[in-house]
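Peer 1: Please see the structure below; I have some questions.
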Amino acid sequence: MKRFLLFLFSILFLISVYKDLSTGIEINKEENFEVPSINEENPSFSVVKIKIMPGDTFISIMDNINEQNIQNFDQMIADFKSLNPNSDPYQLQVETFYYFPLYK
Numbered sequence: 271m272k273r274f275l276l277f278l279f280s281i282l283f284l285i286s287v288y289k290d291l292s293t294g295i296e297i298n299k300e301e302n303f304e305v306p307s308i309n310e311e312n313p314s315f316s317v318v319k320i321k322i323m324p325g326d327t328f329i330s331i332m333d334n335i336n337e338q339n340i341q342n343f344d345q346m347i348a349d350f351k352s353l354n355p356n357s358d359p360y361q362l363q364v365e366t367f368y369y370f371p372l373y374k
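Each step along the sequence shown adds one to the number in this note's numbering, with nothing skipped, and position 27 is 297.
Laid out in structure tokens, this is it:
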């Protein structure tokens, strides 16, 4: 009987470890950011808060929100980094909100 319980406990433990390693724990990374006061310094764009979905890239989002007003790519990267100082525009996280410049 003890062997059976030990065997059952071992199997349940291994299943638990497998599930933890394969799915992990969902961490809510929603942070309370204040919109930077970039509009006072540079009135050439406004700020839009967008949630990243699977398949979204920095370029695709910038093309969608700035259909007519395509700016210099380096300037778009600099503006994004000023709005999101701890974020890399080349590695956007899915299900995370970022601020994007909406050019006038």
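From the three backbone atoms N, C-alpha and C, an ideal C-beta is built for every residue, glycine too.
Indicate, with yes or no, if the ligand GTP has a heavy atom lying under 6 Å from the CB of Y368.
Peer 2: Summarising the ligand content, the structure contains no ligands, and the ligand GTP is consequently not present.
Peer 1: Which same chain residues end up closer than 6 Å to L362 when comparing Cβ atoms and leaving out the 5 residues on each side of it in sequence?
Peer 2: Position 92 of the sequence shown, counted from the start, is the residue given in the question as residue 362. Here the set comprises I322.
Peer 1: Check this for me: beta carbons of F415 and P359, under 7 Å apart or not?
Peer 2: A question about residue 415 goes unanswered here, because the residues of the chain that appear run from 271 up to 374.
Peer 1: Cα separation between F274 and Y368?
Peer 2: As a position in the sequence shown, residue 274 is number 4, starting the count at 1. As a position in the sequence shown, residue 368 is number 98, starting the count at 1. Taking the straight line joining both Cα atoms gives about 53 Å.
Peer 1: Consult DSSP for V287 and reduce its assignment to one of helix, strand or coil.
Peer 2: In the sequence shown, residue 287 corresponds to position 17, counting from 1. Reduced to three states, the DSSP call for V287 is helix.
Peer 1: When you compare the CB positions of Y373 and N336, do they come within less than 7 Å of one another, or not?
Peer 2: Along the sequence shown, one-based indexing puts residue 373 at 103. Along the sequence shown, one-based indexing puts residue 336 at 66. Closer than 7 Å, so yes.
Peer 1: Output needed for V364: all residues of its chain with C-beta closer than 6 Å, excluding positions within five of it in sequence on either side, in chain order.
Peer 2: The sequence position of residue 364 within the sequence shown is 94, counting from 1. Result list for V364: I322, P324, in chain order.
Peer 1: Under the three-state reduction of DSSP, which class applies to S330: helix, strand or coil?
Peer 2: Position 60 of the sequence shown, counted from the start, is the residue given in the question as residue 330. Here S330 sits in helix by DSSP.
Peer 1: Can you give me the Cβ contacts of I331 inside the same chain, cut-off strictly under 7 Å, excluding the 5 residues immediately before and after it?
Peer 2: The sequence position of residue 331 within the sequence shown is 61, counting from 1. Cβ within range, chain order: I320, F370.
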